[in-house]
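Per our numbering, residue 70 is the first one in the sequence shown, and the count goes up by one each step.
From the three backbone atoms N, C-alpha and C, an ideal C-beta is built for every residue, glycine too.
What follows is a short report on a single structure.
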Amino acid sequence: MAIDLGTLISKANDYKQILSNTQNYRKEWPKKMKPLILKTLKEILKQTEIKGELEIQDNIENLEAIVLNLGRSASGISENLENTDIKRAMIKSNGALIYQQLFNGKVMIMTVSPYIEGYGEPKPPKPLEILRPEELTHSFIIRHVETFLKDITEWEDYDDDEPSSKHAFNPIGFNREIITED
């Protein structure tokens with residue numbers, strides 16, 4: 070006795086295809102993605118002369134990460150401890166760009182903004198995008214680094230001289246000129 074399953078067969082086939090994709094994507098990490106990311110980031114660091122370290126976090130198989138870490142430095146800010154002449158230096162984390170292998174074999178790219186320890190809270194990593202192995206190219210990695218540098222440069226140069234579009238005054242309405250008939 071055959072039961073009409075409607076679209077259930079199609080959904081089951083989609084599910085099986087996704088499971089297969091996960092296995093295939095995971096195989097691409099050590100073969101293609103990891104070497105491509107490392108080679109490209111090393112070349113970017115070399116040519117730009119940016120001081121950064123590449124860290125490989127591989128303690129969990131199929132959830133590895135490659136981190137372009139700009140390290141930590143003295144912030145130049147120190148806290149004066151009460152009733153003493155002692156100053157506690159505040160350390161600045163300079164930011165990071167992360168390529169994190171996801172559970173399904175795709176790669177999530179995230180940025181971590183700089184922050185000063187003891188002065189506010191660090192922001193959580195900001196996701197840029199999620200890519201399949203065939204989508205990850207030198208051009209994408211260069212674009213990720215450009216976005217990362219733009220973000221950390223804006224953080225370093227923070228002021229209110231030029232309001233960003235998020236903070237700019239936008240009057241209510243359609244932002245069009247009012248045309249009157251004479």
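Which residues in the same chain have their Cβ closer than 6 angstroms to the Cβ of residue i, if we skip the five residues on either side of it in sequence?
i	result
Arg262	It is not possible to answer for residue 262, since the shown part of the chain is limited to 70 through 251.
Leu171	Met177
For residue i, which residues in the same chain have their Cβ closer than 7 angstroms to its Cβ, ignoring the five residues on either side in sequence?
i	result
Glu122	Asn138 and Gly140
Asp220	Thr180 and Ser182
Asn149	Lys156
Ser147	Lys156, Arg157, Ala158 and Met159
Thr91	Asn173 and Gly174
Taking residue i as the reference, which of the options has the closest Cα?
i	options	result
Ala158	Ser142, Arg95, Ile135 and Glu225	Ser142
Trp98	Leu132, Ile87 and Ala71	Leu132
Ser182	Leu107, Asn90, Ile125 and Lys161	Lys161
Ile106	Ile129, Leu166, Tyr184 and Gly189	Leu166
Arg212	Leu197, Asn93 and Glu225	Leu197
Gln169	Gly187, Leu205 and Glu151	Leu205
Asp226	Phe209, Glu130 and Tyr184	Tyr184
Leu218	Pro191, Thr117 and Lys192	Thr117
Pro194	Glu151, Asp228 and Val136	Val136
Glu186	Glu223, Val214, Ser144 and Glu215	Ser144
Applying the criterion that 16 or more other CB atoms from any shown protein chain within 10 Å of the CB defines a buried residue, is residue i buried or exposed?
i	result
Ala81	exposed
Met70	exposed
Tyr84	exposed
Thr254	What is shown of the chain runs 70 to 251, which leaves residue 254 out entirely.
Asn163	buried
Lys100	exposed
Thr109	buried
Ile72	exposed
Tyr188	exposed
Ile87	exposed
Ile129	exposed
Ile210	buried
For residue i, which residues does DSSP report across the bridge?
i	result
Tyr168	Ile135 and Ile178
Met159	Ile146
Can you give, in chain order, each stretch of the alpha helix (DSSP H) that sits fully within the stretch 87-141 and has at least 4 residues?
With a minimum length of 4 residues, the continuous alpha helix (DSSP H) runs that stay inside the stretch 87-141 are 103-117.
Start-end ranges of the alpha helix (DSSP H) lying completely within the stretch 175-211, minimum 4 residues
none
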